[in-house]
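If you read the sequences in order, they're chains A and B.
According to this note's numbering, the first sequence is numbered sequentially starting from 27.
According to this note's numbering, the second sequence is numbered sequentially starting from 27.
Number of protein chains: 2
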Amino acid sequence: MNMFNLTKVEGGVCAPAGFKANGLNCGLNPVKEKNDLGVIFSEEECQTAAVYTQNKVKGAPIIVTKENLKKSNNISQAVIVNSKNANTCNADGEEKAQMMCKLIADELNIPKERVIVASTGVIGQILPIDPIKDHVAELAKGISEKGNIEAAHAIMTTDTVKKEYAVKFELDGKVCTIGGMAKGSGMIHPNMATTLNFVTTDVDIDASLLQEALNKIVKITYNCLSVDGDTSTNDMLCVMANGLAKNKTISQKGSDYDIFCDALYDVLMNLTKMLAKDGEGASKMIECTCNGAQTLDIAIKVAKSVVSSSLFKCAIFGEDANWGRILCAIGYTDAEFEIDKVDVSIKSKVGEILVCKNGSGVEFSEEKAKTILEEDEIYVIVDLKQGNEQAKAWGCDLTYDYVKINGDYRS
Amino acid sequence: MNMFNLTKVEGGVCAPAGFKANGLNCGLNPVKEKNDLGVIFSEEECQTAAVYTQNKVKGAPIIVTKENLKKSNNISQAVIVNSKNANTCNADGEEKAQMMCKLIADELNIPKERVIVASTGVIGQILPIDPIKDHVAELAKGISEKGNIEAAHAIMTTDTVKKEYAVKFELDGKVCTIGGMAKGSGMIHPNMATTLNFVTTDVDIDASLLQEALNKIVKITYNCLSVDGDTSTNDMLCVMANGLAKNKTISQKGSDYDIFCDALYDVLMNLTKMLAKDGEGASKMIECTCNGAQTLDIAIKVAKSVVSSSLFKCAIFGEDANWGRILCAIGYTDAEFEIDKVDVSIKSKVGEILVCKNGSGVEFSEEKAKTILEEDEIYVIVDLKQGNEQAKAWGCDLTYDYVKINGDYRS
Numbered sequence: 027m028n029m030f031n032l033t034k035v036e037g038g039v040c041a042p043a044g045f046k047a048n049g050l051n052c053g054l055n056p057v058k059e060k061n062d063l064g065v066i067f068s069e070e071e072c073q074t075a076a077v078y079t080q081n082k083v084k085g086a087p088i089i090v091t092k093e094n095l096k097k098s099n100n101i102s103q104a105v106i107v108n109s110k111n112a113n114t115c116n117a118d119g120e121e122k123a124q125m126m127c128k129l130i131a132d133e134l135n136i137p138k139e140r141v142i143v144a145s146t147g148v149i150g151q152i153l154p155i156d157p158i159k160d161h162v163a164e165l166a167k168g169i170s171e172k173g174n175i176e177a178a179h180a181i182m183t184t185d186t187v188k189k190e191y192a193v194k195f196e197l198d199g200k201v202c203t204i205g206g207m208a209k210g211s212g213m214i215h216p217n218m219a220t221t222l223n224f225v226t227t228d229v230d231i232d233a234s235l236l237q238e239a240l241n242k243i244v245k246i247t248y249n250c251l252s253v254d255g256d257t258s259t260n261d262m263l264c265v266m267a268n269g270l271a272k273n274k275t276i277s278q279k280g281s282d283y284d285i286f287c288d289a290l291y292d293v294l295m296n297l298t299k300m301l302a303k304d305g306e307g308a309s310k311m312i313e314c315t316c317n318g319a320q321t322l323d324i325a326i327k328v329a330k331s332v333v334s335s336s337l338f339k340c341a342i343f344g345e346d347a348n349w350g351r352i353l354c355a356i357g358y359t360d361a362e363f364e365i366d367k368v369d370v371s372i373k374s375k376v377g378e379i380l381v382c383k384n385g386s387g388v389e390f391s392e393e394k395a396k397t398i399l400e401e402d403e404i405y406v407i408v409d410l411k412q413g414n415e416q417a418k419a420w421g422c423d424l425t426y427d428y429v430k431i432n433g434d435y436r437s
Numbered sequence: 027m028n029m030f031n032l033t034k035v036e037g038g039v040c041a042p043a044g045f046k047a048n049g050l051n052c053g054l055n056p057v058k059e060k061n062d063l064g065v066i067f068s069e070e071e072c073q074t075a076a077v078y079t080q081n082k083v084k085g086a087p088i089i090v091t092k093e094n095l096k097k098s099n100n101i102s103q104a105v106i107v108n109s110k111n112a113n114t115c116n117a118d119g120e121e122k123a124q125m126m127c128k129l130i131a132d133e134l135n136i137p138k139e140r141v142i143v144a145s146t147g148v149i150g151q152i153l154p155i156d157p158i159k160d161h162v163a164e165l166a167k168g169i170s171e172k173g174n175i176e177a178a179h180a181i182m183t184t185d186t187v188k189k190e191y192a193v194k195f196e197l198d199g200k201v202c203t204i205g206g207m208a209k210g211s212g213m214i215h216p217n218m219a220t221t222l223n224f225v226t227t228d229v230d231i232d233a234s235l236l237q238e239a240l241n242k243i244v245k246i247t248y249n250c251l252s253v254d255g256d257t258s259t260n261d262m263l264c265v266m267a268n269g270l271a272k273n274k275t276i277s278q279k280g281s282d283y284d285i286f287c288d289a290l291y292d293v294l295m296n297l298t299k300m301l302a303k304d305g306e307g308a309s310k311m312i313e314c315t316c317n318g319a320q321t322l323d324i325a326i327k328v329a330k331s332v333v334s335s336s337l338f339k340c341a342i343f344g345e346d347a348n349w350g351r352i353l354c355a356i357g358y359t360d361a362e363f364e365i366d367k368v369d370v371s372i373k374s375k376v377g378e379i380l381v382c383k384n385g386s387g388v389e390f391s392e393e394k395a396k397t398i399l400e401e402d403e404i405y406v407i408v409d410l411k412q413g414n415e416q417a418k419a420w421g422c423d424l425t426y427d428y429v430k431i432n433g434d435y436r437s
C-alpha cells in the first residue's frame with residue numbers, strides 16, 4: 027500500500043467530525059477507577075460495515091448487533107460496550123444485550139436498531155443489568171468530543187495501555203478523518219474478524235463499498251495477528267461512516283476508494299501492532315514479513331505461522347536466535363511451497379542478520395544476534411523466493427506473565 | 027476398543043522376544059551422566075511400518091530412513107538414534123545420517139539399509155560425527171535384553187522421565203509382546219506422525235497390514251496429543267515386528283489383526299499419555315473426551331482443540347474452573363456441528379462436575395470444582411449429543427516452566 031498524505035492525529039474515535047464518546051465505571055468492575063461502560067455516538071446516521079468472530083460460540087451482543095444492522099439496513103448511530111463480562115453462553119444473554127441497546131437508544135433519542143452492542147470479559151457469567159441501567163443516563167449526558175479516552179479506557183480488560191489511532195487525509199479537497207480504538211490482549215487469534223474494535227470516519231461512502239474495503243483490510247491486518255492462538259467468542263470490528271466530511275460519496279471503486287482503503291489500512295494496521303505489542307504478558311512485539319510468495323494467501327499463512335509458534339515466541343522472550351524454530355514453523359504452514367529456497371533474517375532497530383539461506387543454516391555472529399534480539403520490536407523477514415506476493419503478521423513473545431495473567435483471570 | 031487379556035509388562039522395547047538395546051553418552055551432550063546415543067537391535071529381520079512428520083522441513087534422518095526402508099522393502103533390524111542435535115537444516119545432514127547407519131550396521135553385521143536412523147535436539151547445528159564414530163563399537167558391544175532403560179534414556183531431551191510401555195497378550199495360543207519407548211517433551215503437536223517413538227514386537231505380521239494398523243492407531247493416539255502446537259521436523263514412529271512369537275502370520279484382517287490393533291493401541295495410548303504428562307513444564311495432564319459426535323474426525327478435532335488452547339491450559343495450571351475457555355475452544359474447532367447442544371463436565375479422581383449444559387453455563391460449586399482441579403490428572407468430558415462417535419485427546423497445562431525451558435533451550 028502507498029501511504030500518501032496521511033497525517034496521524036489525536037482524538038481516536040472522536041477525531042472524525044460529528045463523533046462523541048464517553049466512558050465510566052458503572053460497577054461491573056469493582057475497581058472504581060477502571061471504566062467498564064463506554065459509548066460512541068454520531069450526530070448523523072452512519073453507513074456501517076462490520077465483521078464478526080467465526081467462533082461457533084458467539085456472544086449474545088454479536089447476535090443482537092447483527093440483527094440490529096439488518097433491521098436498520100446497515101445504519102448505525104451509537105455503540106454501547108461494557109467490559110468485565112462477555113455476556114456469552116448465558117441463557118438470558120440476548121435479552122440483556124437488547125436491554126443495553128434500548129437503554130442507550132432512549133437516552134440518545136435514536137431508534138434502538140441503530141445501536142451496536144458489544145461486551146468483553148469473562149464468558150458464562152450472568153450479566154448484571156442494574157449497574158448499566160443505573161448509569162446509562164450519566165453515560166449519555168457526559169458524551170463529548172474529548173470522550174474518546176474514557177471510552178477507550180472502558181473496553182480495556184487485561185490491556186495495559188489504551189489503544190487509539192487516527193489519521194487525516196484528503197478526498198477531492200475535503201479533509202477526511204478515520205479514527206479507531208481497540209481492545210486486547212488475550213484470546214487473540216482473529217479469524218475473518220477481530221477482537222473488539224470500533225472505527226469511526228466522517229467519509230461519505232456506501233455501506234456496501236465500506237464492507238468490501240473492511241473485508242480486504244481486515245484480511246491483511248487483524249487477521250494476521252496472534253497473541254495466543256485462541257479465537258474469541260466476542261470478536262467484532264465495526265466501521266461507522268457518517269459522511270460529515272462532505273466528500274463526493276464513494277459509491278464505486280476508483281482513486282477515492284483507494285485513498286480511503288490506504289487510510290483504513292493505516293489505522294487498522296497500527297491498531298493491530300498496538301494489540302501485538304500489548305499482548306497478554308508480552309515484553310516484545312514480533313512482526314514477520316513473508317516476501318516472495320506465489321499468492322497473498324501463502325504469504326499470510328507463512329507469516330502467521332511464524333508469529334503463532336509458542337516455541338519461537340519463548341525463544342524471543344529469551345533473546346535466543348533459535349532460527350530452527352522459525353524454519354520449523356514455516357515448515358508446518360498449511361500451504362504449498364518449496365522449503366529449500368527459503369531465506370530468513372532477523373532484524374531490529376540496531377541491525378539485521380541473515381540466519382538461514384536456501385533452507386539451511388548459515389554462520390552468523392551469535393553476539394550480534396543477541397544484540398538485535400535485546401530490542402523490544404523484533405522483525406523476522408522470510409523470503410520464499412518463489413513469487414512476488416508479500417504479507418505481514420504480528421504477534422508477541424510468550425512470557426511468564428502470560429501464564430500468570432491467565433492462571434487466574436476470573437478472580 | 028475392547029482390551030481383552032492385555033497384561034502390562036516391564037522391559038520396554040526389549041520386552042518382545044529377540045530385541046536388545048543399549049544407550050550411552052558419546053559426548054554430544056557435555057553432561058556425562060546423560061545418554062545421547064542409543065541403539066535397538068533385533069536378532070531377526072523385522073517387517074517394518076513407519077509414519078513421519080508432515081512438516082515441510084524434514085530432518086535428514088527422516089529422509090535417509092525412508093530411503094532405507096524403500097531399498098530394503100520395509101525390512102529393518104536396528105535403530106540408531108541420538109539426542110542433543112536434530113541433524114536438520116544442515117547442508118551435510120543426509121551424509122551424516124548415512125554415516126550413522128553405516129557405522130552401526132558394520133558393528134552389527136547387517137546391511138546398512140536395514141537401519142532406522144533418528145536424531146532429536148537443536149535444529150540447524152552441524153552434527154559432529156566423531157563422538158558417534160568413537161563410541162559406536164562400545165554401543166554395539168553393550169547391547170542386551172536389559173538395555174531398554176539405557177536406550178530410553180538416550181532419546182530424552184527436555185523429558186524429565188523415561189517413557190516406556192509394554193504389554194503381553196495371546197494370539198492363537200502364542201504369547202506375544204509389544205513394547206515401546208518415546209521421547210517428549212516440546213515441539214509436540216503431531217500431524218499424521220509423532221515425536222520420536224520406537225515400537226518393537228515379536229508378532230508375525232505382514233508389513234502392509236502393520237502399516238495399516240499403525241496408521242489407524244496413530245490417528246487416535248499420537249495425533250491427538252498436543253503440548254505446544256508446534257509440529258516437529260523430526261517426528262518419527264516406527265514399529266518393528268520380528269515374528270519370533272511364532273504366531274500364524276497375520277496377513278489379513280480378522281480377529282488376530284483386531285487383537286494386535288488393541289494391543290498396539292494400548293501401548294501407543296499409554297505412551298501418548300506419558301508424553302502429555304511430561305510435556306515441557308507441565309504440572310498436570312489433561313485428557314479431553316469428546317462423545318456424541320457425528321463422525322470420528324469431528325470428535326478428534328473437538329477434543330484436540332480443547333487440549334490445545336493456551337488459555338484453557340493456563341486456567342488448568344491456575345486450577346480455575348474457567349469453562350468458558352473450554353466452550354470457546356470447542357467453538358473455534360474447524361468442523362461442522364451445533365454448539366447449542368453441547369454439555370461439558372470436568373473430572374478428576376476426586377469427583378466430577380457439570381459446568382455447561384446445552385451450550386450455556388449451569389450453577390456449580392466453585393469449591394468442588396477447585397478440589398477437582400487440584401489433582402494432577404484432569405479430565406474434560408464434552409458431549410456434543412449429535413452422534414455416536416467418540417475420541418480422546420491429551421495435553422498438559424501451560425506453566426511458567428514451559429516459558430523458562432524454552433526461553434533458552436539451546437544453551
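The beta carbon of each residue, even a glycine, is placed where N, CA and C say it ideally should be.
Residues bridged to residue i (per DSSP)
i, result
"V187(B)", "Note: V187(B) sits in no beta bridge, so no partner."
"I101(B)", "Q73(B)"
"W420(B)", "L251(B) and E313(B)"
"N48(A)", "V65(A)"
"D409(B)", "N317(B) and D369(B)"
"A192(A)", "G205(A)"
"T33(A)", "K194(A)"
"G377(A)", "S374(A)"
"E403(B)", "M311(B)"
"E457(A)", "Residue 457(A) falls outside the range modelled here, since chain A spans only 27 to 437, and no answer is possible."
"K383(B)", "S386(B)"
"Y426(B)", "None; Y426(B) has no bridge partner."
Buried versus exposed, by CB contacts within 10 Å (16 or more), residue i
i, result
"T425(A)", "buried"
"V187(B)", "exposed"
"E190(A)", "buried"
"S258(A)", "buried"
"V77(A)", "buried"
"D360(A)", "exposed"
"T33(B)", "exposed"
"T234(B)", "Note that residue 234(B) is Ser in the sequence shown here, rather than Thr. S234(B) is exposed by the Cβ-count criterion."
"K82(A)", "buried"
"K209(A)", "buried"
"C241(B)", "The question names Cys, but residue 241(B) is Asn in the sequence shown. So N241(B) ends up on the exposed side."
"K299(A)", "buried"
"E133(A)", "buried"
Using a beta-carbon distance cut-off of less than 9 Å, what residues from the segment 138-160 of chain B approach chain A? V148, I149, G150, Q151 and I152
Cβ-based contacts, 8 Å cut-off: residues of the segment 246-264 of chain A near chain B: D254, G255, D256, T257, S258 and T259
At a Cβ cut of 8 Å, what residues of the segment 384-400 of chain A count as close to chain B, listed as they run along the chain? G385, S386 and G387
Which ranges does the alpha helix (DSSP H) cover as unbroken runs of at least 4 residues, wholly within the segment 90-164 of chain B, from first to last along the chain? 119-134
Under 8 Å: do the segment 99-119 of chain B and the segment 144-162 of chain B share three or more Cβ pairs, one atom per stretch? yes
Alpha helix (DSSP H) runs contained entirely in the segment 197-267 of chain B, provided each spans 4 or more residues: 233-246
At a Cβ cut of 7 Å, what residues of the segment 415-426 of chain A count as close to chain B, listed as they run along the chain? L424, T425 and Y426
Residues, ordered as in the chain, of the segment 315-343 of chain B that lie near chain A by beta-carbon distance below 7 Å: S335, S336, L337, C340, A341 and F343
Under 8 Å: do the segment 86-106 of chain B and the segment 123-143 of chain B share three or more Cβ pairs, one atom per stretch? yes
Give the residues from the segment 58-86 of chain A that approach chain B closer than 7 Å (Cβ to any Cβ), ordered along the chain. N81, K82 and V83
Taking a cut of 8 Å between CB atoms, which residues from the segment 111-131 of chain B lie near chain A? A112, T114, C115, N116 and A117
Does the segment 394-402 of chain A come into contact with the segment 304-323 of chain B, if we say contact requires no fewer than three beta-carbon pairs (one atom in each stretch) closer than 8 Å? no
Using 8 Å as the Cβ pair cut-off and three pairs as the minimum, do the segment 163-177 of chain B and the segment 42-62 of chain B touch? yes
Along the segment 189-223 of chain A, where does the CB come closer than 9 Å to a CB of chain B? Name the residues. G212, M213, H215 and N217
Stretch pair the segment 223-234 of chain A + the segment 308-328 of chain A: three plus CB contacts closer than 8 Å: no
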